[in-house]
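K.L.:
Shown below is the structure under consideration.
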Amino acid sequence: AYSSNGCRVYDLTTNPMNPKYLFNTSGSGRDCHDSGVIENVNGRDLWVVSDGGGRRQRIWDITNVGASWPTGALPPLVGQTNQISGIYAHSNWVSDDKRYLFSWDENNVIDISVHD
Numbered sequence: 014a015y016s017s018n019g020c021r022v023y024d025l026t027t028n029p030m031n032p033k034y035l036f037n038t039s040g041s042g043r044d045c046h047d048s049g050v051i052e053n054v055n056g057r058d059l060w061v062v063s064d065g066g067g068r069r070q071r072i073w074d075i076t077n078v079g080a081s082w083p084t085g086a087l088p089p090l091v092g093q094t095n096q097i098s099g100i101y102a103h104s105n106w107v108s109d110d111k112r113y114l115f116s117w118d119e120n121n122v123i124d125i126s127v128h129d
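For the sequence shown, the positions run 14 to 129 when this note's numbering is used.
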């Protein structure tokens, strides 16, 4: 799915039928097409987002995000890949040893990228 409003994040732990809105990642090039969480990377929980038309992957530290997180505050951005012209950042996967980030392009310009 494509969203020019970025990813919208909610806390489901307190009341999953009426979840608390926490934040969204809207902004220039932050489309939010696909995302996933990798737990315990050197003691941190990381959220990896494929930014679709933003043409990159972004990695956010969500270790401390929870029900008490201040509404609207973004978690720290740990890093991001370089933008690649012509691609649509479709999805990503982290290797089992948590060393490599594999990213897929929906436009078939480069198909798969590997980031160390």
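Don't be surprised by glycine CBs; every beta carbon is placed ideally from N, CA and C.
Should Gly19 and Arg43 be called a contact, given that it needs their Cβ atoms to be closer than 7 Å?
P.N.:
It is a contact, given that the beta carbons lie within the stated cut-off.
K.L.:
Taking only beta-carbon positions, decide if Asn121 is within less than 7 Å of chain C.
P.N.:
The structure shown contains no chain C; it holds only a single protein chain.
K.L.:
Run through DSSP, which three-state label would Lys33 get?
P.N.:
Strand, per DSSP.
K.L.:
Pull up the DSSP beta-bridge partners for Arg6, would you.
P.N.:
The shown model of the chain, from 14 to 129, leaves out residue 6, and the question about it has no answer.
K.L.:
For Val122 and Thr27, I'd like the C-alpha separation in whole angstroms.
P.N.:
Each residue's Cα considered, the two are about 43 Å apart.
K.L.:
Less than 7 Å between C-beta atoms, sequence neighbours within five positions excluded: which residues of the same chain meet that for Ile100?
P.N.:
Contacts found: Arg68, Asp118, Asn120, Val122 and Ile123.
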